[in-house]
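Here the sequence shown is numbered in our numbering, starting from -6 and rising by one per residue. Each residue gets a CB set at the ideal place from its N, CA and C atoms; glycine is no exception.
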Amino acid sequence: MNREAWIDDELRKLRVDNLERHIRVFPHAGGKINIDGHEVLNFSSNDYLNLAGRPELARAAKRAIDDFGAGSAASRLVTGTLPIHDELEMQLARHKGYPAAILFGSGYLANSSTVPALVGRNDTIFADRFIHASMIDAAKLSDARLVRFRHNDCGHLEELLTMHADKGRRLILIESVYSMDGSIPPLREIAATAEKNNALLLVDEAHATGVLGPRGGGLIRQEHLEESVNVAMGTLSKGLGGYGGFVACSESIRKLLVNRGRGLIYSTAPPPSVAGSALAALEVLDKEPDLGTILMERASRFRKRLNDAGLDTLDSQTQIIPIIAGSNESALGLAERLLEDRIIAIAIRPPTVPKGTARVRLSVTLAHEDRDLEQASEVIIRAARNEGIL
Ligand SMILES: Cc1ncc(COP(=O)(O)O)c(C=O)c1O
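Take a look at the structure:
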């Protein structure tokens, strides 16, 4: 008997719906890469500040390996915490303007450890409809009741908070730059609603870290809301060009996570090289505080060109720019046409985005010069016309 026959059926179903995914291998990860001797613009990289290939980061990672070894060899609560982890947490707290910070193996682990530490079975989570899968998984792990409010709709959030007034502790989950459409939340309004309703607020700054706010400190810093946002989650894997995740918070939330954060307690501490390159990335941000502003300006000129041609980029206000194609076939077709013209932009389909809103997601990075973006916009507009999207 073939015990795996059902897997072939599942995969066939995905193929029929144009939903099967594949892993492709690329020579490296930046915004501009050389494939078979040709320069290709990569709009699917999250290396927003073009830091992943910076020699300062590589040097710092190598130095950390020389000083502390290739691995941490134990979890943080055993013997895996090294001076470089301690130093990075101090610098992350400073960078975000919070009293404390705690490091995790990845952004996914940061979310899936923090949410279940803050709420449990008798509590309620209020999540924006567009939040990232790592927070949905975290909510499921917590066993708390999960209610979703309409994207960026503070009125709907307030309604739901009133409706679920007596349901234990309450936690609101939002992002500061939404990963699939590049929109920004009405943070001031949501923070005030959270305070008024005695709800904790966690803001996932994965795509804002290094990009928004003074020296890339994020949207919370930009809006001076450190006192009203309880948890500022971030990742080292996107704007900071490395790997790993973190949470900036009060001293008491940090202590709670040390005692209840399962991804910290039951997983090996990040390797010293990861902490070393993250420290070097923070130094770059101190020395070159305008990188995020330059990125936003370039992205906004690029987006305007696409919009002027009639392309729908939803409410994008940032370096993440979706091009709505509608059907899965059109999104895949557009991505295919762009690839023929040496532009990598991956099609994003349900369940990652709502049905009927399949899109090609473009991430502008500092590897893309204005001239590249001008040429790319012409290619994208032509491809969208040929695909029948325009
Ligand atoms: C909004 C958001 N949160 C969390 C994560 C997870 O971060 P990491 O890739 O560091 O695990 C991602 C990206 O993958 C993300 O887009």
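Let me check understanding here. Comparing Cα to Cα, which of the options lies closest to residue i?
i	options	result
Ile26	Ser356, Ala292, Ile337	Ile337
Lys89	Leu366, Ala377, Leu304, Asp279	Asp279
Gly235	Pro20, Gly46, Val372, Leu307	Gly46
Phe101	Gly113, Asn115, Asp79, Ile124	Here the sequence assigns Tyr to residue 101, which means Phe is not the residue at that position. The shortest Cα separation from Tyr101 among Gly113, Asn115, Asp79, Ile124 belongs to Ile124.
Glu219	Leu233, Glu198, Thr228, His78	Glu198
Thr286	Gly254, Asp301, Glu276, Thr311	Thr311
Ser37	Arg375, Gly381, Leu355	Leu355
Leu42	Ile77, Arg162, Gly24	Gly24
Arg378	Asp308, Ala302, Ile314	Ala302
Asn190	Lys160, Gly206, Val196, Glu216	Lys160
Leu359	Leu288, Leu299, Pro315	Leu288
Ala292	Met(-6), Thr350, Arg364	Arg364
Leu257	Leu7, Gly237, Leu299	Gly237
Glu48	Glu276, Arg294, Val346	First, the residue type needs correcting, since residue 48 is Pro and not Glu in the sequence shown. Minimum Cα distance to Pro48 is reached at Glu276.
Glu362	Val196, Ala192, Arg294, His217	Arg294
Asp10	Arg163, Ser323, Trp(-1), Pro315	Ser323
Arg335	Leu12, His31, Pro347, Ile0	His31
How is the beta strand (DSSP E) around residue i delimited, first residue to last?
i	result
Ile28	25 to 28
Arg(-4)	From DSSP, Arg(-4) is part of no beta strand (DSSP E); its letter is neither H nor E.
Val108	Val108 -> not in any beta strand (DSSP E); alpha helix (DSSP H) instead, spanning 100 to 111.
Ile95	93 to 97
Glu168	163 to 168
List the endpoints of the continuous alpha helix (DSSP H) containing residue i.
i	result
Val18	Careful: Val18 lies outside any alpha helix (DSSP H) and carries neither H nor E.
Thr155	147 to 156
Arg47	Looking at the DSSP string, Arg47 is not in any alpha helix (DSSP H), and its letter there is neither H nor E.
Asn115	It is not in any alpha helix (DSSP H) - Asn115 carries neither H nor E in the DSSP assignment.
Ala187	180 to 189
Arg375	363 to 380
I'd like the list of long-range same chain contacts for residue i, defined as Cβ closer than 8 angstroms, with 5 residues on each side in sequence excluded.
i	result
Ala93	Glu82, Ala86, Ala241, Cys242, Ser243, Glu244, Ile246, Arg247
Asp136	Pro109, Gly113, Arg114
Lys133	Leu139
Leu153	Phe119, Val140, Phe142
Ser221	Ala184, Ala185, Ala187, Glu188, Leu194
Give the secondary structure of residue i by DSSP, where H, G and I count as helix, E and B as strand, and everything else as coil.
i	result
Asp2	helix
His88	helix
Arg352	strand
His78	helix
Asp305	coil
Ala273	helix
Val222	coil
Phe36	coil
Phe123	coil
Glu216	coil
Asp197	strand
Leaving out five residues before and five after residue i in sequence, what residues of the same chain have Cβ atoms less than 6 angstroms from its Cβ?
i	result
Met128	Asn104, Leu166
Gly227	Glu198, Thr202, Phe239
Can you find the residues in the same chain that come closer than 7 angstroms, C-beta to C-beta, to residue i, ignoring five residues on each side of it along the sequence?
i	result
Ile177	Ser169, Val170, Leu212, Gln310, Thr311
Is residue i near ligand 2 - that is, is its Cβ less than 7 angstroms away from at least one heavy atom of it?
i	result
His125	Looking at this structure, you won't find ligand 2 anywhere; what it does contain is ligand 1.
query = Do the stretch 56 to 67 and the stretch 260 to 273 make contact, defined as three or more Cβ pairs closer than 8 angstroms?
reply = yes
task = Report yes or no: do three or more beta-carbon pairs, one from the stretch 336 to 351 and one from the stretch 249 to 268, lie closer than 8 angstroms?
result = no
inquiry  = Check whether the stretch 66 to 80 and the stretch 254 to 265 are in contact - that is, three or more C-beta pairs closer than 8 angstroms.
reply    = yes
query = Are the stretch 322 to 337 and the stretch 362 to 376 touching by the rule of at least three beta carbon pairs closer than 8 angstroms?
reply = yes
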